[in-house]
Amino acid sequence: MKVLLTGSAGFIGAAVAEALEADGDEVVRVDWMLDMAHGEARPPAGTHHVDVRDADAVSALLDGVDAVCHQAAVVGAGVKVADLPAYASHNDYGTAVLLAAMHEARVDRMVLASSMVVYGEGRYTCPEHGDQAPGPRTVAALESGDFDNHCPVCGGPLGWALVDEDARLDPRSSYAASKLAQEHYTSAWVRQADAAAVALRYHNVYGPGMPRDTPYSGVAAMFRSSLERGEAPKVYEDGAQMRDFVHVSDVAQANVAALRAVVAAPTGHYAAYNVASGRPVGIKQVAELVATGTGADGGAEIAPEVTGGFRLGDVRHIVASPERARAELGFAAAIAPEEGLPAFATAPLRA
Numbered sequence: 001m002k003v004l005l006t007g008s009a010g011f012i013g014a015a016v017a018e019a020l021e022a023d024g025d026e027v028v029r030v031d032w033m034l035d036m037a038h039g040e041a042r043p044p045a046g047t048h049h050v051d052v053r054d055a056d057a058v059s060a061l062l063d064g065v066d067a068v069c070h071q072a073a074v075v076g077a078g079v080k081v082a083d084l085p086a087y088a089s090h091n092d093y094g095t096a097v098l099l100a101a102m103h104e105a106r107v108d109r110m111v112l113a114s115s116m117v118v119y120g121e122g123r124y125t126c127p128e129h130g131d132q133a134p135g136p137r138t139v140a141a142l143e144s145g146d147f148d149n150h151c152p153v154c155g156g157p158l159g160w161a162l163v164d165e166d167a168r169l170d171p172r173s174s175y176a177a178s179k180l181a182q183e184h185y186t187s188a189w190v191r192q193a194d195a196a197a198v199a200l201r202y203h204n205v206y207g208p209g210m211p212r213d214t215p216y217s218g219v220a221a222m223f224r225s226s227l228e229r230g231e232a233p234k235v236y237e238d239g240a241q242m243r244d245f246v247h248v249s250d251v252a253q254a255n256v257a258a259l260r261a262v263v264a265a266p267t268g269h270y271a272a273y274n275v276a277s278g279r280p281v282g283i284k285q286v287a288e289l290v291a292t293g294t295g296a297d298g299g300a301e302i303a304p305e306v307t308g309g310f311r312l313g314d315v316r317h318i319v320a321s322p323e324r325a326r327a328e329l330g331f332a333a334a335i336a337p338e339e340g341l342p343a344f345a346t347a348p349l350r351a
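Under full-length UniProt numbering, the residues of the sequence shown are numbered 1 to 351, in order.
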């Protein structure tokens, strides 16, 4: 199989490329190397330095391609309002240009890197009133230290439950909105182009090659960078936010499985899958697990600092069910957070 892989210089894209090549596939590596993710780094050898918004440049690389694996995206929660045009341009317009170029080149198979952020808040239940859909948390509540979502019927705190792929999609940040738009463009392309596609909704991905110490990186890398400076990792809210952390090597295998599935799928097929470890973990626990692997201060752990601060784009809990990916793609994560996060403390990062 010949795969055009966008975002191939990113830590997820690089892992996907290695996994595909290990299986004997041919990979056309493409990356635009945005400064916010790559700094002054140059494209790795063999990488086509191409902006996916450049239709002519993308089209020139599609000859003989069986499927596109689209990892390229501006990531992060949206640090400032001024980031909005970058998300819309690179993520949404870039995806639209790529899909149009694929249609012209008669390439009709796509795997899209999406994200769990499309769900917004996760699934919540009240012991008395069952499933509930809370609205956005208010600034006043967050400033007072009330971080939980509350039942709209009785006012009690809501507990979290697993989210499946049929859940309501309700993005709460500029990045989340752009990822949902990517999914909508892709599903529309499937219908209009008589194509097939799979969207993989990644949960919190971590592992070797993550960008170092940037707000556009993942929270695990930010905790790791704090620990390397000898500083306590700063944890927002009360640290009890529940998430799922999935190792980049598992994400790479999910992409391989999705590519095999989409190439074999009939035209008109579109499906989305959660890519998660299936082992929920609290944010404070994430910081503690990374700290156990540092060996700082003669092996003593640096305790995280729970700040009580908050970010308006954040949600309280979001934990996905990986069961559909297991049943339909045959994918199950191999690395538990309790194993992978301590090892991540000394894994090589990208400067």
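Note that beta-carbon positions come from the ideal geometry of N, C-alpha and C, so glycine has one too. Quick caveat, the model's predicted, so the values are computed rather than measured.
- Residue environment analysis places residue 317 among the buried positions, since at least 16 neighbouring C-beta atoms fall within 10 angstroms of its C-beta.
- Taken through DSSP and simplified to helix, strand or coil, residue 110 comes out as strand.
- Spanning the alpha carbons of residue 278 and residue 195 requires a straight line of approximately 30 Å.
- The three-state reading of DSSP puts residue 32 in coil, since its state is none of H, G, I, E or B.
- Of the other Cβ atoms in all chains shown, 16 or more fall within 10 Å of the Cβ of residue 247; this residue is therefore buried.
- The beta carbon of residue 127 sits closer than 8 Å to the beta carbons of 156 and 159 from its chain, once the five residues preceding and following it are set aside; these are given in chain order.
- For residue 131, there is no enclosing alpha helix (DSSP H); the enclosing beta strand (DSSP E) has its first and last residue at 130-132.
- A distance below 8 Å between beta-carbons, with the five flanking residues on each side excluded, links residue 266 to the following residues of its chain, in chain order: 196.
- Rounded to whole angstroms, the gap between the alpha carbons of residue 174 and residue 83 is 8 Å.
- The residues 59, 62, 63 and 65, in chain order, have a CB closer than 8 Å to that of residue 105 in the same chain once the five nearest residues on each side in sequence are set aside.
- Under the 10 Å beta carbon count, residue 188 is surrounded by fewer than 16 other beta carbons and is classified as exposed.
- Shown here for residue 162: same chain residues with a beta carbon closer than 7 Å to its own, the five before and five after excluded, namely 123, 319, 320 and 321 in chain order.
- Contact check for residue 20 and residue 30: beta-carbon distance about 14 Å, past the 8 Å limit, so the pair fails to qualify.
- When only Cα atoms are considered, residue 101 and residue 272 end up about 22 Å apart.
- The three-state secondary structure of residue 264, taken from DSSP, is helix.
- For residue 171 against residue 150, the beta-carbon gap comes to about 21 Å, at or over 8 Å, which does not count as contact.
- In this structure the segment 337-347 touches the segment 281-292; the number of beta carbon pairs closer than 8 Å is three or more.
- Straight through space, the alpha carbons of residue 285 and residue 145 are spaced by roughly 19 Å.
- Taking C-beta atoms as the reference points, residue 232 and residue 114 fail to come closer than 9 Å.
- Assigned with DSSP and collapsed to three states, residue 242 falls in strand.
- Within the same chain, Cβ atoms closer than 6 Å to the Cβ of residue 90 are found at 74, the five residues on either side in sequence being excluded.
- The beta carbons of residue 274 and residue 183 sit about 13 Å from each other, so the pair does not count as a contact at 8 Å.
- Annotated three-state conformation of residue 342 is helix, per DSSP.
- Per the C-alpha coordinates, the member of 210, 237 and 236 positioned closest to residue 224 is 210.
- Taking the CA atoms as reference points, residue 3 sits about 40 Å from residue 240.
- In the three-state scheme derived from DSSP, where H, G and I count as helix and E and B as strand, residue 180 is classed as helix.
- Remark: C-beta atoms of residue 16 and residue 235 do not approach each other more closely than 9 Å.
- DSSP lists 125 as the beta-bridge partner residues of residue 159.
- Residue range 94-104 is occupied by the alpha helix (DSSP H) that includes residue 103.
- By the Cβ neighbour-count rule, residue 152 is exposed, with fewer than 16 other Cβ atoms within 10 Å of its own.
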